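Novice: In this text, residue positions in the sequence shown follow my numbering: the first is 16, and each later residue adds one.
C-beta: ideal position from N, C-alpha, C; glycine also.
Please read all numbers here as calculations on a predicted model, not as lab measurements.
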Amino acid sequence: MGASAASPPTRRAGARVAGLKVTESVCPYCAVGCGQLVYTRGGELVDIEGNPRSPINQGTLCPKGAASRQLVQQPGRLTKVRYRRPGGSDWEELELEQAMDMIAERVVAARENGWQDADRQGWRVDRTLGFAHLGGATLDNEENYLIKKLFTAMGAIQIENQARI
Ligand code: SF4
Numbered sequence: 016m017g018a019s020a021a022s023p024p025t026r027r028a029g030a031r032v033a034g035l036k037v038t039e040s041v042c043p044y045c046a047v048g049c050g051q052l053v054y055t056r057g058g059e060l061v062d063i064e065g066n067p068r069s070p071i072n073q074g075t076l077c078p079k080g081a082a083s084r085q086l087v088q089q090p091g092r093l094t095k096v097r098y099r100r101p102g103g104s105d106w107e108e109l110e111l112e113q114a115m116d117m118i119a120e121r122v123v124a125a126r127e128n129g130w131q132d133a134d135r136q137g138w139r140v141d142r143t144l145g146f147a148h149l150g151g152a153t154l155d156n157e158e159n160y161l162i163k164k165l166f167t168a169m170g171a172i173q174i175e176n177q178a179r180i
């Protein structure tokens with residue numbers, strides 16, 4: 016066995032994650048799906064690192080993935096639904112249930128307002144041009160499959176994804 020690159024004080028100090036609970040996870044940011052090791056102490060998040068056992072990233076993380084701890088602990092993180100009315104200049108806080116109801120009402124109205132039974136040539140189309148769907152890069156194959164099924168079933172024809180890879 017060769018000489019260690021670590022100095023005696025460094026070896027004595029030990030790893031900063033020593034004694035912490037470690038849980039394997041996947042970076043939530045993009046479809047590369049890098050493996051992560053999530054370190055916690057008493058249920059509190061302490062550190063997130065790349066998982067060397069992952070064949071995808073082999074222990075590395077890009078700057079975004081390396082900062083994913085901020086998704087949970089960044090003090091400016093929004094935890095309530097915020098809504099700005101049409102023409103309004105101030106944000107209002109809404110309960111999640113109320114916001115979900117408002118979204119559902121708008122989806123139904125947009126679908127009906129943009130509905131077409133037939134196109135200009137008279138061909139039957141049974142579709143809506145009232146809304147489209149643009150997926151984000153963090154969506155995985157399974158989520159994209161379900162989104163495509165849902166929006167197609169509602170009559171949408173413009174369904175796209177901003178794939179990162
Ligand atoms: S955001 Fe970076 S670390 Fe996360 S999955 Fe994508 S490439 Fe990997």
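Is the region 100 to 113 touching the region 74 to 81 in the sense that three or more CB pairs, one from each, lie closer than 8 Å?
Specialist: Contact between the region 74 to 81 and the region 100 to 113 is absent, because fewer than three Cβ pairs lie under 8 Å.
Novice: Do Val37 and Gly48 have their C-beta atoms closer together than 7 Å?
Specialist: Residue 37 sits at position 22 when you count from the first residue of the sequence shown. Residue 48 sits at position 33 when you count from the first residue of the sequence shown. Contact flag unset, no.
Novice: Looking at Val53 and ligand 1, is the gap between the Cβ and the nearest heavy atom below 6 Å?
Specialist: Taking the first residue of the sequence shown as position 1, residue 53 is located at position 38. Every heavy atom of ligand 1 is 6 Å or more from the Cβ of Val53, so no.
Novice: If distances are taken between C-alpha atoms only, which option among Tyr44, Pro23, Cys45 and Asn66 comes closest to Val53?
Specialist: Within the sequence shown, the letter at position 38 stands for residue 53. When only C-alpha atoms are compared, the closest one is Asn66.
Novice: Name the two residues that bound the continuous alpha helix (DSSP H) containing Glu110.
Specialist: For the purposes of this step, residue 110 is identified with residue 95 of the sequence shown, where counting begins at 1. Counting along the chain, Glu110 falls outside any alpha helix (DSSP H), and DSSP gives it neither H nor E.
Novice: Measure how close the beta-carbons of Gln177 and Gly137 come, nearest whole angstrom, since I'm counting them as under 8 Å.
Specialist: Here residue 177 corresponds to residue number 162 of the sequence shown, with the count starting at 1. Here residue 137 corresponds to residue number 122 of the sequence shown, with the count starting at 1. That pair is no contact at about 35 Å.
Novice: Please confirm whether Arg142 and Ile162 have their CB atoms less than 7 Å apart.
Specialist: Against the sequence shown, residue 142 aligns to sequence position 127. Against the sequence shown, residue 162 aligns to sequence position 147. In this structure, Ile162 does not lie closer than 7 Å to Arg142 by Cβ.
Novice: Under the rule that 16 or more other beta-carbon atoms within 10 Å means buried, what is Gly74, buried or exposed?
Specialist: Along the sequence shown, read from residue 1 onward, the residue named residue 74 stands at position 59. Its Cβ having fewer than 16 others within 10 Å, Gly74 is exposed.
Novice: Am I right that Gln88 and Leu111 are in contact with their C-beta atoms under 8 Å? What's the rounded C-beta distance?
Specialist: As a working note, residue 88 is residue 73 in the sequence shown. As a working note, residue 111 is residue 96 in the sequence shown. Gln88 to Leu111, Cβ: 21 Å. No contact.
Novice: Would the beta-carbon of Val47 be found less than 6 Å away from any heavy atom of ligand 1?
Specialist: Residue numbering aside, residue 47 sits at position 32 when the sequence shown is read from its first letter. Yes - ligand 1 has a heavy atom lying nearer than 6 Å to the Cβ of Val47.
Novice: Taking Cβ positions, are Gly129 and Leu109 nearer each other than 7 Å?
Specialist: Looking up residue 129 in the sequence shown gives position 114. Looking up residue 109 in the sequence shown gives position 94. No; because the gap between Cβ atoms is not below 7 Å, this pair is not in contact.
Novice: Does the separation of the CB atoms of Arg56 and Leu35 fall below 7 Å?
Specialist: Taking the first residue of the sequence shown as 1, we reach residue 56 at position 41. Taking the first residue of the sequence shown as 1, we reach residue 35 at position 20. The answer is yes: Cβ separation under 7 Å.
Novice: Assuming Met169 and Arg126 make a contact with CB atoms under 8 Å, what is their CB distance in whole Å?
Specialist: Within the sequence shown, residue 169 is the residue found at index 154, counting from 1. Within the sequence shown, residue 126 is the residue found at index 111, counting from 1. About 6 Å separates the two Cβ atoms, so the contact holds.
Novice: Please specify which runs of the alpha helix (DSSP H), each continuous and at least 4 residues long, are wholly inside the region 100 to 165, giving them in chain order.
Specialist: Whole alpha helix (DSSP H) segments, 4+ residues: 111 to 128.
Novice: Return the Cβ separation of Ile174 and His148 in integer angstroms, given the expectation that the two are a contact with Cβ distance under 8 Å.
Specialist: On the sequence shown, position 159 is the one that residue 174 refers to. On the sequence shown, position 133 is the one that residue 148 refers to. Rounded, the Cβ-Cβ distance is 5 Å, consistent with contact.
Novice: Quick one: Cα of Pro70 to Cα of Arg135, how far?
Specialist: One-based indexing of the sequence shown puts residue 70 at position 55. One-based indexing of the sequence shown puts residue 135 at position 120. The straight-line gap from Cα to Cα measures roughly 52 Å.
Novice: Span of the alpha helix (DSSP H) holding Gln51?
Specialist: Position 36 of the sequence shown, counted from the start, is the residue given in the question as residue 51. No alpha helix (DSSP H) holds Gln51; the beta strand (DSSP E) holding it covers Gly50 to Arg56.
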